[in-house]
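Notes for the one structure printed next.
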Amino acid sequence: MTEKQETLPAQKLPKGEFRSIFWRSFSLLGSFNFQRMQGLAFLYAMLPSLKRIYRDDPEGLKGAMHRHVETFNMTLAPSPIVMGTSVAMEERFKTDPDFDSSAINAVKVSLMGPLSGIGDTFFWGIFRILACSIAVGFAQQGNFLAPFLLLFVFNIPNFLTRWYGLKFGYQQGQGIMRAMGASGKMQLFTFCAGIVGAMSMGSMIALWVKIKSPLKFTISHNKFVLQHYLDQIMPALLPLACTLGILVLLKKRVPVMWIIGIVIAVGAVLGGFHIISGGKA
Amino acid sequence: MTLTQAILVGLVAALTHLDGGWLGEAKFREPIVTGFLVGLIFGDVPHGLMIGATMQLLWMGVTGVGPTPKLDIGTGGTIGAAVALSTGTGAKDAIIFAVPVALLLQLVNTLMTSAFSAFMPYVDKKIDELKTGVIQGIHYLCGLIAALLYFGITFIGMYFGTPVIKAVVNGMPGWVEAALNGVAALLPALGFAMLLDVILTKKLIPFLILGFIPAAFVGHDLSMLGITAVAVALALIIYNLYSDLQSKNVAPQPALAGSADEWED
Numbered sequence: 000m001t002e003k004q005e006t007l008p009a010q011k012l013p014k015g016e017f018r019s020i021f022w023r024s025f026s027l028l029g030s031f032n033f034q035r036m037q038g039l040a041f042l043y044a045m046l047p048s049l050k051r052i053y054r055d056d057p058e059g060l061k062g063a064m065h066r067h068v069e070t071f072n073m074t075l076a077p078s079p080i081v082m083g084t085s086v087a088m089e090e091r092f093k094t095d096p097d098f099d100s101s102a103i104n105a106v107k108v109s110l111m112g113p114l115s116g117i118g119d120t121f122f123w124g125i126f127r128i129l130a131c132s133i134a135v136g137f138a139q140q141g142n143f144l145a146p147f148l149l150l151f152v153f154n155i156p157n158f159l160t161r162w163y164g165l166k167f168g169y170q171q172g173q174g175i176m177r178a179m180g181a182s183g184k185m186q187l188f189t190f191c192a193g194i195v196g197a198m199s200m201g202s203m204i205a206l207w208v209k210i211k212s213p214l215k216f217t218i219s220h221n222k223f224v225l226q227h228y229l230d231q232i233m234p235a236l237l238p239l240a241c242t243l244g245i246l247v248l249l250k251k252r253v254p255v256m257w258i259i260g261i262v263i264a265v266g267a268v269l270g271g272f273h274i275i276s277g278g279k280a
Numbered sequence: 000m001t002l003t004q005a006i007l008v009g010l011v012a013a014l015t016h017l018d019g020g021w022l023g024e025a026k027f028r029e030p031i032v033t034g035f036l037v038g039l040i041f042g043d044v045p046h047g048l049m050i051g052a053t054m055q056l057l058w059m060g061v062t063g064v065g066p067t068p069k070l071d072i073g074t075g076g077t078i079g080a081a082v083a084l085s086t087g088t089g090a091k092d093a094i095i096f097a098v099p100v101a102l103l104l105q106l107v108n109t110l111m112t113s114a115f116s117a118f119m120p121y122v123d124k125k126i127d128e129l130k131t132g133v134i135q136g137i138h139y140l141c142g143l144i145a146a147l148l149y150f151g152i153t154f155i156g157m158y159f160g161t162p163v164i165k166a167v168v169n170g171m172p173g174w175v176e177a178a179l180n181g182v183a184a185l186l187p188a189l190g191f192a193m194l195l196d197v198i199l200t201k202k203l204i205p206f207l208i209l210g211f212i213p214a215a216f217v218g219h220d221l222s223m224l225g226i227t228a229v230a231v232a233l234a235l236i237i238y239n240l241y242s243d244l245q246s247k248n249v250a251p252q253p254a255l256a257g258s259a260d261e262w263e264d
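For the protein sequence lines, the chains are A and B, in the order given. Mapping the first sequence onto numbering that gives the first Met the number 0, position 261 (from 1) lands on 260, and the numbers just tick up by one. Mapping the second sequence onto numbering that gives the first Met the number 0, position 205 (from 1) lands on 204, and the numbers just tick up by one.
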């Protein structure tokens, strides 16, 4: 592998682009849907960078947009870290033919889970409780400062995490890409990112796809609860079976529109007859 | 309640929904904030704040963790404060009043979130046509629809009173909600399957199993952080192993991420 611009100093995102992604990151739940969750919003945040990176490459832009509209779901505040990393990876992908684009999605998936866990703890567990409990005392006395205190205490860490997260994610992403490219281990890196991505996907299917069967009836005074039997085979069997079933359809290149139609029809019929439901975790 | 007041309360409810969608959960939905805004509308900020504080303590433990928040504290708090201030009742009575509206909004939210899925194939098509303006437009449109729905329902509930809302909720056949629930349960499987379609190669299947089994059996006691840590450890082992082999020239780096992905049964 030849030395390609590896000696260049670490770059910064153009100022306007950085601000654009920063502000757009706030709308991550703006078009939330059950199919791709925050996918469209993630693409929306990435668009300024993608347009710059692929300004002379319409086919590349198409591919990149398809990558970032895929399912994405995480706690909001740390999400700019993933956006920064994704921009760095896209920049690399544009210039390095050894870099497999599936690694971009694998890295995104790998970051989603742990960053959400940490983010939930800090933003829902600590900052929100802190902001609310400080404000409650003022509110009980009817002091108009209460809402402003609440918003300030919560949003200072909220804004700082987003701003420095975006910076940090971009720098880290660039650093890793540079190191991998220099050592000629891009393929190996791609595979290892795939390992973390695939394992995360495995657990996300078990934890985040919630399909249960409320089906129960009584045969000669014996209560029959389908979910109990399914759980005895394996917990989260229905989420796994449904996801893999749809994956097989996708791999057989059944048009996505058909698959969506099938999913909605099957979901409505099975749901309507109380055979499946979105069970609680 | 006057027409203007009902409209303004509807706007506050829309703001609490946009708080999650567009303002990055900046916490405009917290009852203290909505109590303050509703207090401004009714010209009684101190009481609005006190009612807000009561509801805040009641709902301190409600979080939005996970794809579907269980209780809509934004609209619930807004309506609760508005009812309490306009009728002079306490916060706890106000919450009872807000329940049917919150119930309806929960259902509307499920319906909306399912319906937004229908935009996704259209977005895919527009990506192929490189219509970035349209793609952004759809993102904005989702926000507009959500804001209008939350504004509209809250306004109707406020202006015509909750009997109207109650009638709608009670008049809905049970199977509608069940069918919607079924679709909402299945759609995430489609999203994850599409993501797997991008990431999963045949050589990665063992790792999918390794991630699934512990999470399926242990459940949420095993955090994503824990699983990812194990995954990173495994990835590092394999990375180091191949790096060592490579540096000793024992074996050339295999085509691990090969594009020949013959994933057929």
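Cβ atoms here follow ideal geometry from the backbone N, Cα and C, with glycine treated the same way.
Check the DSSP bridge columns for residue i and list the partner residues they point to.
i         : result
A/Thr-217 : A/Lys-222
A/Ser-276 : A/Lys-211
A/Asn-32  : A/Met-36
Ends of the alpha helix (DSSP H) at residue i?
i         : result
A/Met-233 : Where A/Met-233 is concerned, there is no enclosing alpha helix (DSSP H), given that its DSSP letter is neither H nor E.
B/Leu-17  : 2-20
A/Arg-23  : 14-23
A/Asn-72  : Element bounds for A/Asn-72: n/a, residue is neither H nor E.
A/Gln-171 : 144-182
B/Gly-47  : 44-57
B/Thr-77  : 72-86
B/Glu-176 : 173-198
B/Gly-23  : Run containing B/Gly-23: none; DSSP gives neither H nor E here.
B/His-219 : It is not in any alpha helix (DSSP H) - B/His-219 carries neither H nor E in the DSSP assignment.
A/Arg-91  : 78-94
A/Ile-263 : 255-271
B/Phe-150 : 131-159
B/Ala-117 : Per DSSP, B/Ala-117 belongs to no alpha helix (DSSP H) and is neither H nor E.
A/Ile-125 : First-last for A/Ile-125: undefined, no H or E at that position.
A/Glu-58  : 57-67
B/Gly-38  : 30-41
A/Lys-107 : 101-118
List, in order along the chain, the chain B residues whose C-beta lies closer than 8 Å to that of residue i?
i         : result
A/Tyr-43  : Ile-134, Gln-135, His-138
A/Met-198 : Phe-206, Leu-207, Leu-209, Gly-210, Ile-226, Thr-227, Val-229, Ala-230, Leu-233
A/Ile-232 : The contacting residues do not exist; A/Ile-232 stays about 11 Å from chain B at best.
A/Ser-276 : Ala-177, Asn-180, Gly-181, Ala-184
What residues of chain B sit near residue i, judged by a beta carbon separation below 7 Å?
i         : result
A/Glu-273 : Checking the displayed sequence, the identity of residue 273 of chain A turns out to be His instead of Glu. Under the 7 Å cutoff, chain B gives Ala-177.
A/Ile-245 : Ala-188, Leu-189, Ala-192
A/Lys-11  : The premise fails here: A/Lys-11 is roughly 23 Å from chain B at the closest Cβ pair, so nothing lies under 7 Å.
A/Pro-146 : Ile-31, Val-32, Phe-35
A/Glu-69  : Met-193, Leu-194, Val-197
So that I know if they touch, is there some Cβ in chain A lying closer than 8 Å to that of residue i?
i         : result
B/Val-182 : yes
B/Lys-26  : yes
B/Phe-268 : Residue 268 of chain B lies beyond the range of chain B shown here (0 to 264); nothing can be said about it.
B/Leu-185 : yes
B/Val-8   : no
B/Val-64  : Because the pLDDT of B/Val-64 is 48, which lies under 50, any placement of that residue in the model is unreliable, and the number read from its coordinates should be weighed accordingly. With 8 Å as the cut-off, B/Val-64 counts as an interface residue toward chain A.
B/Ile-167 : It should be pointed out that residue 167 of chain B corresponds to Val in this sequence rather than to Ile. Chain A contact via Cβ: absent.
B/Pro-68  : The predicted position of B/Pro-68 is uncertain, since its pLDDT is 46 and thus under 50; a value taken from the coordinates is nonetheless stated next. Not one chain A Cβ lies under 8 Å of B/Pro-68.
B/Phe-150 : no
B/Phe-216 : yes
Let me see if you follow: with CB-CB separation under 8 Å, is residue i close to chain B or not?
i         : result
A/Trp-207 : yes
A/Ile-204 : yes
A/Phe-151 : no
A/Val-262 : yes
A/Ala-178 : no
A/Phe-25  : yes
A/Gln-4   : For A/Gln-4, the predicted structure reports a pLDDT of 46, less than 50, and the residue's modelled location is therefore unreliable. The matter cannot be settled from this model.
Residues of chain A with CB under 8 Å from residue i, in chain order?
i         : result
B/Val-107 : Near B/Val-107 there are no residues of chain A at all, since even the closest Cβ is about 14 Å away, more than 8 Å.
Give the residues of chain B in contact with residue i, contact being defined as C-beta atoms less than 9 Å apart.
i         : result
A/Lys-184 : Tyr-238, Tyr-241, Ser-242, Gln-245, Gln-252
A/Ser-48  : Those within 9 Å of A/Ser-48 in chain B number zero; the least Cβ separation is about 12 Å.
A/Ser-85  : Residues of chain B passing the Cβ test: none, with the nearest at roughly 14 Å.
A/Phe-143 : Phe-35, Gly-38, Val-44, Pro-45, Leu-48
Can you name the residues of chain A whose CB is closer than 7 Å to the CB of residue i?
i         : result
B/Gly-51  : Ala-138
B/Ser-113 : Phe-33
B/Ser-222 : Gly-116
B/Ile-198 : Ser-101, Asn-104, Ala-105, Val-108, Gly-193, Gly-196, Ala-197, Met-200
B/Ser-116 : Asn-32, Phe-33, Gln-34
B/Asp-127 : Lys-61
Determine the chain A residues that contact residue i at a beta-carbon separation under 9 Å, and present them in chain order.
i         : result
B/Pro-162 : Those do not exist, as B/Pro-162 stays about 28 Å from chain A at its closest Cβ, beyond 9 Å.
B/Thr-131 : Leu-46, Leu-49, Lys-50, Leu-60, Met-64
So residue i and residue j are supposed to be a Cβ contact under 8 Å. How far apart are they, rounded?
i         : j         : result
B/Tyr-238 : A/Leu-187 : 6 Å
Would you say the beta carbon of residue i comes nearer than 7 Å to a heavy atom of the ligand FAD?
i         : result
A/Gly-196 : Absence of the ligand FAD from the depicted structure is noted, as is the absence of any ligand whatsoever, leaving it without description.
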